[in-house]
Amino acid sequence: MRASRILKILMMLQTHEKVTAAELADASETSIRTVYRDIEALSAIGVPVYSEQGVQGGYRLLQGYRTRLNGLSAKEAETLFLAGLSGPAQKMGLEATLADAQLKLKSALPDTVRHEAERLQSRFLLDTPNWFSDDEQVTYLPTLMTAVLEQRLITMRYQSWKGEIQRQTQPLGIVLKGGQWYLMAKVDTDVRTYRVSRIESLTLLGETFERPKDFNLAAFWQASLRRMEALQFPIIAEVRLTALGVKIMEYVCSSYVMKQATIEPMDDSGWHRARFPVGESSHGCAELLRFGAELEVIDPPELRLAMEELVSSLAVLYQRNDSPN
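Take any residue in the sequence shown, note its place counting from 1, add 31, and you have its number in our numbering.
Structure below.
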């Protein structure tokens, strides 16, 4: 246990310019006092660990010091190979780099561990695009990767739902979600989200920018998803559902809708009362039509009226005598 903990501390010191005792303790799931003893043990075996006192203090390795750490377990090696996703790497222009890195990793592994890693890699595949969707064309993704990593300004011509716009932005991060690539970029004081496939032209500028110290890509993306879900499903519909309708919900409703839904037990008439969020009237009606006769809208009145009008127009359409042959 101690050897594994000390190895983790050493790897953290090698991958960070400076690390505090508290950060090392959190990562190692131990106490700060134990970290002090582990640092002393590293120093005793010749690892050049230096401490800096004060509010901005911490531990660091002597500049340029590196040690070869080849103690990967079979499971750790397998995980690294699964993380090497060839599809996204190709889109980012990193396919050759990934292949070289995997080759070097294989050469450093013992034969038994290498065999297990190769076996796992040959049996699992990640296909990122959604069903029945074409792979996105993201011509400018490699350039965006450079801009994000080097903190360089970009200008782009972008096709939004409102029309074509010109933007100069500070690119902060890139997200792959359901086979679709998104750019998080700062415009003036706001951080906005752009679909990479909708960028029609892009120029990488020589000017750099200072990345906001408080920007966290993962936290920003999760907050964006929550806002998007709330905007996409602004209406709470009260409905009646058959038993089959309840089952249909599990297949046609998103996880967000299912988490917000409340479904009452079946009443004497054989129906369930339920409440769940839906889109605006036109979009919401299209969603609810997928239930067919297994669902009836009760409330709000404007949604029920919209459903009545839509169903009536469909009935007229399909009852015409001059239907095409």
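We put the beta carbon where it would ideally sit given N, CA and C, even for glycine.
Being a predicted model, the structure only gives us computed values, none of them experimental.
- Annotated as proximal: Tyr213 and Thr224, with beta-carbon spacing under 8 Å.
- Of the residues Glu195, Gly310, Ala268, Ser35, the one whose Cα lies closest to the Cα of Val66 is Ser35.
- Contiguous alpha helix (DSSP H) elements confined to the segment 46-85 occur at 52-59, 63-75, taking only those with 4 or more residues.
- For Pro308, the three-state secondary structure derived from DSSP is strand.
- In the DSSP assignment, Glu195 forms a beta bridge with Gln190.
- Residue pairing for Lys208: DSSP places it in a beta bridge opposite Gln211.
- With a cutoff of 8 Å on beta-carbon distance, Leu93 and Leu44 are scored as not near each other.
- Annotated three-state conformation of Gln201 is strand, per DSSP.
- Residue state for Lys244 is assigned as coil, using DSSP reduced to three classes.
- Per the coordinates, the alpha-carbon of Val50 lies some 5 Å from the alpha-carbon of Tyr90.
- If you draw a straight line from the Cα of Glu325 to the Cα of Ser313, it comes to about 19 Å.
- By the neighbour-count criterion, in which a residue is buried when 16 or more other Cβ atoms sit within 10 angstroms of its Cβ, Asp245 is exposed.
- Following the DSSP letters along the chain, one finds Ala268 inside the beta strand (DSSP E) bounded by residues 266-272.
- Ranked by Cα distance from Leu233, the first of Gln197, Ala250, Lys208 is Gln197.
- Per DSSP, the unbroken alpha helix (DSSP H) holding Tyr349 starts and ends at 332-349.
- Residues of the same chain with a CB within less than 7 Å of the CB of Glu318, apart from the 5 flanking positions on each side, are Val309, Gly310 in chain order.
- For Met42 and Lys290, the gap between their C-alpha atoms comes out near 40 Å.
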